[in-house]
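A.B. asks: Taken in order, these protein sequences are the chains called R and G. Quick note on numbering that gives the first Met the number 0: the first sequence kicks off at 0 and runs consecutively. Quick note on numbering that gives the first Met the number 0: the second sequence kicks off at 0 and runs consecutively. Backbone N, C-alpha and C define an ideal beta-carbon position, used for all residues, glycine too. Source: prediction; values computed, not measured.
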Amino acid sequence: MLLYIIRRILFMIPTLAAISILSFAIIQLPPGDFLTSYAAQLAQEGDLVDEEELEALAQRYGLGQPVYVQYWKWIKGIATKGDWGQSMEWQKPVAELIWERLALTVVLSMSALLVSWFIAIPIGVYSATNQYSILDYSMTAFSFIGLGVPGFLLALIILYLAHSQLNMNVGGLFSEEYMLAPWSWAKIMDMLAHIWVPMFIVAISSTAGNIRITRANLLDELNKPYVETARAKGVKETKLIWKYPVRVAMNPFFSTVGWSLASLISGTTLVAMVLSLQTTGPMLLRSLTAQDMYLAGTFLFMLSTLTIIGTLISDVLLAIVDPRIRLEQ
Amino acid sequence: MEQANNGHAPAPVDTDEVLLEIKDLKTHFFLDQGVVHALEGVDFTVNRGQTIGLVGESGCGKSVTARSILSIVPPPGRVVQGEILFHRAPTADRPGETVDMAQLDPKGSLARSIRGGDISMVFQEPMTSLSPVHTIGAQIIEAISLHRDCSQEEAAEITVEMLRRVNLPQPEGVLKRYPHELSGGMRQRVMIAMALSCQPSLLIADEPTTALDVTTQAQILTLMQELQEEFGMAIIFITHDLGVIAQMVDYVVVMYLGEVVEMADVNSIFYDPKHPYTRSLLHSIPKLGRKSVEGLTSRLTAIHGVVPDPYSIPKGCPYHPRCHDAVRGVCDTDNPTLHTLPGDHKVRCVLYDD
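1) So with CB distances below 8 Å, who are the chain R contacts of G/Thr238?
2) Could you check which residue in R/Asp321, R/Val273, R/Asp314, R/Glu236 has the C-alpha nearest to that of G/Gly107?
3) Using the three-state DSSP reduction, which class does G/Asn46 fall into: helix, strand or coil?
4) When you compare only the Cα positions, how much space is there between G/Met232 and R/Ser254?
5) Extract the residue ranges of the alpha helix (DSSP H) inside the segment 24-76 of chain G, only unbroken runs of 4 or more that lie entirely within it.
6) Cβ of G/Asn4 less than 8 Å from any chain R Cβ?
7) Between the alpha carbons of R/Phe141 and R/Ser205, how many angstroms are there, rounded?
8) Secondary structure at R/Lys186, three-state DSSP: helix, strand or coil?
9) Determine which residues share a DSSP beta bridge with G/Phe236 and list them.
10) R/Thr14: buried (16+ other C-beta within 10 angstroms of its C-beta) or exposed?
11) State the DSSP-derived secondary structure class of R/Ser86, mapped to helix, strand or coil.
12) Hey, how far is the Cα of R/Ile337 from the Cα of R/Gly208?
13) Counting only beta-carbon atoms, is G/Ala142 nearer than 8 Å to chain R?
14) Starting from G/Ala263, trace the beta strand (DSSP E) in both directions and tell me its first and last residue.
15) Can you tell me which residues form a DSSP beta bridge with G/His344?
16) Compare the C-alpha of G/Glu56 against each of G/Ala154, G/Thr339, G/Ala301 and name the closest.
17) Considering only C-alpha positions, which residue in the set R/Gly257, R/Thr297, R/Gln290, R/Ser163 is nearest to R/Leu316?
18) Rounded to whole angstroms, what's the CA-CA distance from G/Gly52 to R/Trp116? Just pull it up for me.
19) Under 8 Å: do the segment 272-279 of chain R and the segment 171-178 of chain R share three or more Cβ pairs, one atom per stretch?
20) Have a look at G/Lys273 and G/Val346 and give me their C-alpha separation to the nearest angstrom.
21) Is it right to say R/Trp73 is buried, meaning 16 or more other beta carbons lie within 10 angstroms of its own, or is it exposed?
22) If you check the beta carbons only, do G/Val253 and G/Val54 fall under 8 Å apart?
23) Residues in the segment 92-116 of chain G with C-beta within 9 Å of chain R's C-beta atoms, listed in sequence order?
24) Give the residues from the segment 118-131 of chain G that approach chain R closer than 7 Å (Cβ to any Cβ), ordered along the chain.
25) Taking the alpha helix (DSSP H) that G/Ser144 falls in, what are its first and last residues?
26) Please classify R/Tyr159: is it buried, with 16 or more other beta-carbons within 10 angstroms of its beta-carbon, or exposed?
27) Could you check whether the Cβ of G/His303 sits closer than 8 Å to any Cβ belonging to chain R?
28) Can you name the start and end residues of the alpha helix (DSSP H) that G/Met185 belongs to?
29) For G/Arg188 versus G/Leu220, is the C-beta distance shorter than 8 Å?
30) Answer yes or no: does any C-beta atom of chain G fall closer than 8 Å to that of R/Glu95?
31) For R/Leu112 and R/Ala202, what's the separation of their Cα atoms in angstroms?
32) Tell me which residue opens and which closes the beta strand (DSSP E) that G/Glu96 is part of.
33) By the criterion of Cβ-Cβ separation under 8 Å, what are the contact partners of G/Leu211 in chain R?
34) With 9 Å as the C-beta to C-beta threshold (strictly closer), list the residues of the segment 205-229 of chain R near chain G in chain order.
35) Give the secondary structure of G/His282 by DSSP, where H, G and I count as helix, E and B as strand, and everything else as coil.
36) Looking at chain R, is there any beta carbon in it that lies within less than 8 Å of the beta carbon of G/Tyr250?
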């Protein structure tokens with residue numbers, strides 16, 4: 000197992016290199032660069048475009064040079080100094096910009112993921128073991144609605160209802176006074192007070208999906224002979240259900256948990272925009288439209304890395320929970 | 000071995016003592032398409048240490064009978080009528096008692112303590128009858144800790160002993176293995192070890208050798224006979240293989256469409272079958288050296304027709320549409336009762352009306 004993991008990690012290096020080249024190339028594909036969109040933006044706002052200033056910026060970022068030189072400068076900075084480059088739009092180092100947002104995103108997405116599992120699995124198990132009962136039907140109806148309604152729409156509806164009925168503003172992760180404040184206990188408590196509405200919205204559509212997956216997987220397992228064997232042994236019914244078929248039905252969750260790593264960053268973009276959450280999604284989108292290439296490149300690079308690491312985690316987890324899977328060979 | 004079995008060594012078995020009485024058992028399945036009468040009044044008795052063979056074609060209710068006895072009939076099926084009287088032997092902490100399994104709450108503690116403890120079952124599919132994600136050891140130890148008052152270590156010792164008893168090589172190693180690492184025959188040995196780990200007084204074997212190849216079949220059957228001699232439990236052997244019946248059982252119950260059509264000791268069934276269905280069954284199996292009257296090898300005869308659709312069981316005797324001896328106007332109107340012939344040979348057929 001350990002040998003397998005080491006080998007997989009070694010294989011990740013060339014994969015990541017290829018991905019980083021590819022993502023950097025893709026950022027460069029559209030005509031123009033950050034300076035052209037910057038100039039266009041200035042012109043749009045009626046400001047005078049200072050040709051000399053643009054020239055200076057171009058010099059500083061090496062924008063006139065070939066793509067591979069730009070790429071090499073960037074990747075060397077990351078590898079040697081942990082320098083992810085400078086965000087042109089924000090006029091700040093990328094590293095300074097993203098870590099706080101990344102942390103917020105991870106907290107939000109992880110808690111949404113856990114909430115979703117804690118709600119979905121018991122409901123799914125109930126639905127499967129009481130198939131075609133009234134509660135099963137209502138949960139099925141709920142799941143289909145949850146699956147069908149996009150998260151951003153739900154966010155808009157809740158935003159509207161909270162504002163018009165309760166006169167509450169549920170957007171954002173912080174109150175105004177803490178928005179720009181440095182981190183402190185008070186700020187964390189403030190975040191905890193705000194986070195549950197976005198968390199609920201993010202969790203709800205995956206909850207709906209997870210209920211369906213649990214129910215379907217468990218229904219497949221419930222009629223397997225090993226369940227009857229356990230029943231013939233005299234195992235208590237509730238214990239039996241959770242120990243045997245549910246245990247087997249959970250395997251697909253372990254095989255997909257890794258993928259959710261990548262969607263941590265980009266998954267909730269629309270909801271985050273509607274609720275004006277300071278997570279990574281909106282910033283990623285903005286960096287792409289503005290051709291803020293170091294920021295966008297960093298995000299794409301992280302997404303790919305997380306996808307690869309996530310897949311490895313999934314494979315290892317699945318091998319741990321399902322003895323039939325062998326990683327060696 | 001000595002330690003593990005202390006106090007559990009089988010007492011001498013009195014084979015005249017009744018262990019299980021099934022009386023007028025009816026199990027129906029309530030489906031959307033209609034009610035399937037899987038069992039329509041089954042009666043038979045199992046004595047202590049006796050081996051009963053339950054024979055019949057697919058769909059005749061053999062497996063439903065087994066599941067009714069254990070009260071694990073899968074929904075939408077349930078026992079609607081009849082009694083399943085199980086005579087529990089006395090133990091150190093309670094006297095003997097008679098329990099009607101048909102009246103028990105299937106999920107209640109009494110039903111669960113009998114299931115696996117006093118009556119256990121070996122299933123047809125050794126490949127899928129064990130949990131794929133738990134070790135062999137964990138699954139057997141669970142059964143032991145449910146029914147015996149012992150620590151995990153003692154349960155593990157008993158498990159190793161049982162695995163050794165069913166002739167599995169390196170039982171300590173098997174303990175840590177997962178089912179997919181074992182062959183079909185080995186898994187069936189594991190199932191038998193698990194079923195016998197709590198020293199039940201009744202073992203139900205639902206086609207335990209059907210999924211195995213012929214050499215393995217023979218080994219498993221021999222093993223079960225040896226274990227029966229050692230542990231003294233009664234066995235209900237469910238099969239459609241009359242060869243297995245001839246080798247294994249003392250007493251045969253022939254079922255057709257949820258009813259017992261004939262029952263007698265094994266010699267009477269094979270040498271003097273009464274019911275036309277039993278006769279057809281016996282004619283449909285190949286025999287070495289069987290000659291017809293003319294001295295030529297006779298052809299095998301398949302039973303005419305197929306088992307009727309469970310939603311439209313024929314009126315009268317359910318076998319009459321396929322029966323060569325059916326009497327028009329009699330067999331298609333009334334279902335005969337079970338007649339007792341000399342030698343305690345029971346048969347459900349008008350041919351034996353007085």
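C.D. replies: According to the structure data:
1) Per Cβ cutoff of 8 Å: no residues; G/Thr238 is ~17 Å from chain R at best.
2) R/Glu236
3) strand
4) 45 Å
5) 61-68
6) With a pLDDT of only 44 at G/Asn4, under the threshold of 50, the placement of this residue in the model should not be trusted, and no figure is reported.
7) 12 Å
8) helix
9) G/Gly52, G/Ala204
10) exposed
11) strand
12) Because chain R is modelled from 0 through 328, residue 337 of chain R falls outside the range shown and cannot be assessed.
13) yes
14) 258-264
15) G/Leu340
16) G/Ala301
17) R/Gly257
18) 49 Å
19) yes
20) 7 Å
21) buried
22) yes
23) Pro105, Lys106, Ser108, Ala110, Arg111, Ser112, Ile113, Arg114, Gly115, Gly116
24) Ser119, Met120, Phe122, Glu124, Thr127, Ser128, Leu129, Ser130, Pro131
25) 135-146
26) exposed
27) no
28) 183-195
29) no
30) no
31) 6 Å
32) 96-99
33) None at all; the shortest Cβ gap to chain R is about 15 Å.
34) Asn222, Lys223, Pro224, Tyr225, Val226, Glu227, Thr228, Ala229
35) helix
36) no
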